[in-house]
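First residue of the sequence shown: 20, per my numbering; consecutive thereafter.
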Amino acid sequence: MKMKTGMLWFDSNDERDLSEKLKRAVIHFRKKYGANPTLCYVHPSAMIGLESRTIEGIEIRGSNMVLPNHMWIGPHEKGRKRRVA
């Protein structure tokens with residue numbers, strides 16, 4: 020993982036897809052921090068069937084360091100190039 024600062028979000032509602040879960044997390048992130056996240060790490064199982072590696076301009080990456088039903092969202096680190104798939 021390259022992101023050092025972010026917010027951990029938990030959503031185990033099976034009725035919501037990853038896009039909906041991320042939108043809810045982003046709303047909370049914006050209210051709490053007054054900024055827009057640009058990067059989101061999820062468990063690799065959450066990426067199965069995902070058509071795009073970006074949702075609403077936020078880059079999605081899989082990582083085994085993130086537990087299922089969790090998201091680690093925040094900004095890209097300054098000075099690092101942003102990868103877009």
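The C-beta atom is built at its ideal place from N, Cα and C for all residues, glycine as well.
Our two residues, Cys59 and Arg80, have alpha carbons roughly 6 Å apart in a direct line. Rounded to the nearest whole angstrom, the C-alpha separation of Ile92 and Thr57 is 8 Å. In the same chain as Thr24, and ignoring 5 residues on each side of it, the C-beta atoms closer than 6 Å to its own belong to Gly93, in chain order.
With a cutoff of 8 Å on beta-carbon distance, Asp36 and Asn88 are scored as not near each other.
Looking only at Met90, Glu34 and Met26, the smallest Cα-Cα distance to Ala54 is reached by Met26. Contact check for His62 against Leu86 passes: the beta carbons are separated by less than 8 Å. A distance below 6 Å between beta-carbons, with the five flanking residues on each side excluded, links Met22 to the following residues of its chain, in chain order: Leu58 and Gly93.
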